[in-house]
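All remarks here apply to the structure that follows.
In the working numbering, the protein residues as written are 205 to 282.
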């Protein structure tokens, strides 16, 4: 694996892990909060995720597909 593949793996892994953690671990807990605190947490979470996820989500798809195509090219050439 080259550095490009490693970076693609790290970014895709981070993005998937952040989304899964939010869905599976964080949201079940905050659903139990009173409505005012729940809304406050959601707003803060959206503010944080809103900064990085619009960049990381498409970037992870682009890097993953690019890595896939470069690896397929290597397989075909060998």
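From the three backbone atoms N, C-alpha and C, an ideal C-beta is built for every residue, glycine too.
* **Candidates 255, 228, 269, of which the one nearest residue 211 by Cα** => Counting from one through the chain shown, the residue named residue 211 turns up at place 7. Taking only the C-alpha atoms, the option nearest residue 211 is 269.
* Span of the alpha helix (DSSP H), counted from its first residue to its last, around residue 244 -> For the purposes of this step, residue 244 is taken as residue 40 along the chain shown, with counting starting at 1. Residues 239–281.
* To do: Return the residue from the list 216, 231, 236, 271 that minimises the CA-CA distance to residue 259.
  => On the chain shown, residue 259 is found 55 positions in, with the first residue counted as 1. Measuring from the Cα of residue 259, the nearest candidate turns out to be 216.
* Asked: Near residue 250, which residues of its chain fall below 8 Å by C-beta distance, leaving aside the five closest residues on each side in sequence?
  -> Along the chain shown, one-based indexing puts residue 250 at 46. So no residue of the chain qualifies.
* Is the beta carbon of residue 237 sitting closer than 8 Å to the one on residue 245? -> Along the chain shown, one-based indexing puts residue 237 at 33. Along the chain shown, one-based indexing puts residue 245 at 41. Against a cut-off of 8 Å, the Cβ pair of residue 245 and residue 237 comes out as a contact.
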